[in-house]
Amino acid sequence: MKVPILFYHKINFPAPEAKEKSLYVNPKNFHCQMRYLKYRRYNPIYLDELVKGMKGQIKLPPKPIVITFDDGYEDNYTIAFPTLKKFDFKATIFLVTEDIGKISGVWTDSREKLKISLLNWNQIEAMSKGGINFQSHTHTHPVLTKLNREQIKKELLLSRQIIEEKLQKPVNFLCYPMGDFDERVAGLVKDTGYLGAFTTKRGFVKDGDDLFTLKRIGIKYNKKIWNFVHALTFKYR
Numbered sequence: 113m114k115v116p117i118l119f120y121h122k123i124n125f126p127a128p129e130a131k132e133k134s135l136y137v138n139p140k141n142f143h144c145q146m147r148y149l150k151y152r153r154y155n156p157i158y159l160d161e162l163v164k165g166m167k168g169q170i171k172l173p174p175k176p177i178v179i180t181f182d183d184g185y186e187d188n189y190t191i192a193f194p195t196l197k198k199f200d201f202k203a204t205i206f207l208v209t210e211d212i213g214k215i216s217g218v219w220t221d222s223r224e225k226l227k228i229s230l231l232n233w234n235q236i237e238a239m240s241k242g243g244i245n246f247q248s249h250t251h252t253h254p255v256l257t258k259l260n261r262e263q264i265k266k267e268l269l270l271s272r273q274i275i276e277e278k279l280q281k282p283v284n285f286l287c288y289p290m291g292d293f294d295e296r297v298a299g300l301v302k303d304t305g306y307l308g309a310f311t312t313k314r315g316f317v318k319d320g321d322d323l324f325t326l327k328r329i330g331i332k333y334n335k336k337i338w339n340f341v342h343a344l345t346f347k348y349r
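If you use this note's numbering, the sequence shown closes out at 349, no skipped numbers anywhere.
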């Protein structure tokens, strides 16, 4: 079994002040990518389906794929969500719970701080009812390896509690902020009851992979459809 997990951030054009263009994907490119997945008969699945499939508890559909978004930007609702609904695609968004409904103060991988609108609870609830799954990206988006044990546990437990109380749905998965983790952090994620965690390391998920260091494929702003196809079919297999 080899399953690609795509990860996006913003589906939009870069803000004038943005230096980190890799956070953005052109809306037209995103639509073309989703249309390609539909045309090639990929079957988007949720994270719990992925893990159950890896454990042999369920049989996954042909050509399974996972679509994820990090941070929970507002354009995930205004731009990405209509496209996902059009193609009847499942997807997962990892939320930074402290910033829900705010103008973003989320750190990028280059430590750039952007002021961008994030999803609010009304939008999140509408998306949840429309087939989008929500999981944890911690409470404040810290570099987890720089925190002590109790600080890490607070980040993991509080974010899960907030999402579960609001949506009345289980939160079993974490995405490491900025892809930053080590053995200690991964162990605490497991100890606090999560079933898996996702990194920014590039590659496909395969049978036997560690559930707390799962790889993904980042999609960038200028990735044309042939680059997208190459990533899915050759580059990371």
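Idealized CB from N, CA, C, for every residue including glycine.
Given the structure is predicted, the values throughout are model-derived calculations rather than measurements.
Same chain only: Cβ atoms within 8 Å of residue i, ignoring 5 sequence neighbours per side
| i | result |
| --- | --- |
| Y148 | I337, F340 and V341 |
Under 7 Å between C-beta atoms of residue i and residue j
| i | j | result |
| --- | --- | --- |
| F125 | T180 | no |
| K122 | Y189 | no |
| T304 | K266 | no |
| P194 | I177 | no |
| Y333 | Y136 | yes |
Cut-off 7 Å between Cβ atoms - residues of its own chain near residue i, not counting five sequence neighbours on either side
| i | result |
| --- | --- |
| R272 | S248 and V283 |
| L344 | P116 |
| Y158 | K202, T204 and N245 |
beta-carbon residue i near the ligand FMN non-hydrogen atom, thresh 6 Å
| i | result |
| --- | --- |
| T312 | In the structure shown, the ligand FMN is absent, as is every other ligand, since no ligand is present at all. |
Closest by C-alpha distance to residue i, when choosing among the options
| i | options | result |
| --- | --- | --- |
| Y306 | L270, K318 and D182 | L270 |
| L230 | T195, M113, I191 and I264 | I191 |
| G242 | K202, K266 and W233 | K202 |
| P173 | R314, G320 and M113 | M113 |
| Y288 | E277, Y136 and T311 | T311 |
| A238 | K278, R261, L268 and F199 | K278 |
| F324 | K131, L196, V163 and D183 | V163 |
| K331 | N138, K131 and A130 | Looking at the sequence provided, one finds Ile at residue 331 rather than Lys. Minimum Cα distance to I331 is reached at N138. |
| R261 | G165, K302, D200 and K198 | K302 |
Residue(s) in a DSSP beta bridge with residue i
| i | result |
| --- | --- |
| Y151 | BP columns for Y151 are empty, so no partner. |
| K318 | K114 |
| S229 | I215 |
Sequence-distant residues of its chain with Cβ nearer than 6 Å to residue i (five each side left out)
| i | result |
| --- | --- |
| T209 | H251, S271 and I274 |
Quiz item: Any chance the region 286-304 sits against the region 243-260, with 3 or more Cβ pairs inside 8 Å?
Solution: yes
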